[in-house]
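Participant:
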Amino acid sequence: MPIARGRQFLAIPGPTNVPQRILRALDRSPMDFTTPEFAEVAKEVQFGLRRIYKTEHDIFIWASTGHGAWEAAIANFYSPGDKVLICETGAFSEWWKEMAGLFGLDAEYLQGDWRMGIDPDQLEERLKADKAHEIQGIGVVHNETSTGLTNDVAAIRKAIDAAGHPALLMVDTISSLGSMDFRMDEWGCDVVVGGSQKGLMQHAGLGMLGVSPKAIHRAEKATTPRRYWDVRRSMQAPIHMRNPGTAPAHFFYGLKEAIDFLEEETLDGVFARHARLAEGVRQAVAAWAKGGAIDFYVKNPARRSNSVTAVEMTGPVNSDTFRFACRDDFNVLLGGGLLQLGGKVFRIGHLGDLNEPMVWGTLAAIEATLQRLIIPHGPGGVDAAIKFLAAR
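Residue 29 is where the sequence shown starts when you use this note's numbering, and the numbers rise one by one after that.
#1: Express the C-alpha separation of Leu391 and Leu305 in angstroms, rounding to a whole number.
#2: Across the region 269-287 and the region 67-80, are there enough close Cβ pairs to call them in contact, namely three or more that are closer than 8 Å?
#3: Let me check understanding here. Comparing Cα to Cα, which of Pro329, Val373, Ile394 and Val410 lies closest to Met144?
#4: Using the Cβ count rule (16 or more neighbours within 10 Å means buried), how would you classify Arg35?
#5: So what's Tyr325 in DSSP terms, helix, strand or just coil?
#6: What's the call for Ile31, buried or exposed, on a 16-neighbour Cβ count within 10 Å?
#7: To which residues of the same chain is Phe350 closer than 7 Å at the C-beta, ignoring the five residues directly before and after it?
#8: Any contact between the region 199-219 and the region 357-364? By contact I mean 3 or more CB pairs, one from each, below 8 Å.
#9: Please list the segments of the alpha helix (DSSP H) lying wholly inside the region 130-196, counting only runs of 4 or more residues, in order along the chain.
#10: Counting Cβ pairs, one atom from each stretch, are 3 or more of them under 8 Å apart for the region 136-150 and the region 231-251?
#11: With a threshold of 7 Å on Cβ separation, who are the neighbours of Val410 within its own chain once the five nearest residues in sequence on each side are excluded?
#12: Hey, could you find the ends of the alpha helix (DSSP H) Glu340 is sitting in?
#13: Kindly indicate which residue of Ile114, Asn179 and Lys186 has the alpha-carbon position closest to the one of Gly216.
#14: If you measure between the beta carbons of Thr44 and Met229, is that distance less than 9 Å?
#15: As a quick exercise: from Ala160, Val220 and Thr175, pick the residue whose alpha carbon is nearest that of Ile146.
#16: Tell me whether Leu77 is buried or exposed, calling it buried when 16 or more other Cβ atoms sit within 10 Å of its Cβ.
#17: When you compare the CB positions of Phe131 and Thr251, do they come within less than 9 Å of one another, or not?
#18: Tell me the rounded alpha-carbon separation between Lys111 and Ala195.
#19: The alpha helix (DSSP H) spanning Met236 covers which residue range?
#20: Distance, Cα to Cα, Gly319 vs Trp142?
#21: Beta carbon of Gly371, beta carbon of Ser335: below 9 Å?
#22: So, are the CB atoms of Glu172 and Ala119 less than 9 Å apart?
#23: Using the Cβ count rule (16 or more neighbours within 10 Å means buried), how would you classify Asn383?
#24: What three-state label does DSSP hand Phe61 in the structure shown?
#25: Around the C-beta of Met212, are 16 or more other C-beta atoms found within 10 angstroms, so that it is buried, or is it exposed?
#26: When you compare the CB positions of Cys115 and Ile188, do they come within less than 9 Å of one another, or not?
#27: List the DSSP bridge partners of Val373.
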């Protein structure tokens with residue numbers, strides 16, 4: 029490996045860059061998590077997360093990745109044999125369905141197009157056909173990280189209501205929370221999965237779950253064995269003592285700082301910045317796509333994500349070859365394709381602590397790699413991004 033100098037550009041869709049002030053908040057020795065000091069921090073985190081989730085209900089937090097929060101979403105609210113409907117959107121919906129099956133649930137896949145997103149009309153039709161209401165839960169990925177596609181959760185809620193169906197609505201917000209608008213209560217979401225390592229700008233290590241009263245009622249009846257993930261046990265303890273076992277206290281200090289960081293900008297300001305930077309990336313990709321060898325993976329422009337863009341490579345160069353060259357030659361890290369997209373797409377993460385020069389630098393490295401590998405591409409991708417983002 030060549031020796032890399034200067035700053036490494038982390039342009040994967042998670043983990044994201046951790047601001048210095050959050051790193052400083054995390055940097056502390058082990059502590060007694062039963063102290064009044066930590067109790068106050070834990071309370072601030074609980075109510076701060078509620079503001080970000082836009083909910084009045086409980087948020088449960090575990091030392092885990094987002095996959096752990098998925099497991100909590102399944103273990104707490106269902107019994108073996110229950111039917112759940114997972115809406116197909118990409119690799120993460122596939123893995124969520126797989127996990128549900130491993131817990132003994134009857135996991136049905138509502139087949140969909142990875143390039144277009146969930147069709148609310150198709151979902152409504154399936155739910156209307158379930159006249160006996162056998163489906164207990166509906167799993168939706170708000171922002172499918174593997175494809176760079178955002179689903180319309182408000183429209184999905186309307187489809188469920190139009191069908192008159194009582195199933196729980198479960199939503200994965202791991203790559204959207206803190207990056208784009210999400211409204212747990214307004215959109216009628218019952219179980220909302222989150223993680224610390226993307227829009228919340230920390231290391232991977234905290235999984236979290238927003239839970240509605242409807243879901244809590246279901247938890248009282250569910251028979252799936254659980255202890256670590258058990259929200260019933262957690263609710264018996266004060267807010268600051270809800271972690272099973274030893275609380276990951278330093279992460280709570282980092283999360284408190286991250287919440288402050290987001291609210292100083294205001295959530296609307298954060299969402300507007302992400303939308304603007306994402307459009308700058310899309311301007312560049314659109315220019316490169318005119319060469320015929322690369323294109324947007326998502327074909328529905330209205331559903332292209334504001335936190336990650338998946339770029340499909342249709343020429344002879346494997347996307348992993350491309351991103352490894354970008355890493356080795358220019359010290360810029362891009363995300364790879366997952367499952368059936370392996371070797372076919374690379375992913376540009378544009379979320380978290382990010383500004384225009386960081387986007388321009390990433391795009392310049394991509395364009396330079398396109399040139400170095402002699403991949404046909406339209407000219408002026410970086411110029412298009414500069415023009416768009418320089419405008420006021």
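For each residue, glycine too, the CB sits at the ideal point set by N, CA and C.
Facilitator: Let's see:
#1: For the pair Leu305 and Leu391, the Cα-to-Cα distance works out to about 12 Å.
#2: Cβ pair count under 8 Å is three or more, so yes.
#3: Checking every option, the nearest Cα to that of Met144 belongs to Pro329.
#4: It counts as exposed.
#5: Looking at Tyr325 - three-state DSSP - the assignment turns out to be coil, as it is neither helix nor strand.
#6: With fewer than 16 other Cβ atoms from the protein chains shown falling within 10 Å of its own Cβ, Ile31 counts as exposed.
#7: Closer than 7 Å at the Cβ level, and outside the excluded window around Phe350, lie Met341, Phe374, Thr397 and Leu401.
#8: No, the region 199-219 is not in contact with the region 357-364.
#9: Taken in chain order, the complete alpha helix (DSSP H) segments of 4 or more residues contained in the region 130-196 are 148-157 and 181-190.
#10: Contact between the region 136-150 and the region 231-251 is absent, because fewer than three Cβ pairs lie under 8 Å.
#11: So the qualifying residues of the chain are Ala312, Trp388, Leu391, Ala392 and Glu395.
#12: For Glu340, there is no enclosing alpha helix (DSSP H); the residue is part of the beta strand (DSSP E) that begins and ends at Val336 to Met341.
#13: Comparing Cα positions, the closest option is Lys186.
#14: Thr44 is a Cβ neighbour of Met229, given a cutoff of 9 Å.
#15: The residue from Ala160, Val220 and Thr175 with its alpha-carbon nearest to that of Ile146 is Thr175.
#16: Buried, since its Cβ has 16 or more Cβ neighbours within 10 Å.
#17: No, the Cβ-Cβ distance between Phe131 and Thr251 is not below 9 Å.
#18: If I take the Cα positions, the gap works out to 10 Å.
#19: Looking at the DSSP string, Met236 is not in any alpha helix (DSSP H); the run it does join, the beta strand (DSSP E), is Leu234 to Val239.
#20: Distance between the alpha carbons of Gly319 and Trp142 is about 24 Å.
#21: One thing to note: Gly371 has its Cβ no nearer than 9 Å to the Cβ of Ser335.
#22: Yes. Within cutoff.
#23: Answer is exposed; the Cβ neighbour count stays below 16.
#24: In the structure shown, the three-state DSSP call for Phe61 is coil.
#25: By the 10 Å Cβ count, Met212 comes out buried.
#26: Cβ atoms of Cys115 and Ile188: not closer than 9 Å.
#27: Under the DSSP definition of a beta bridge, Val373 partners with Glu340.
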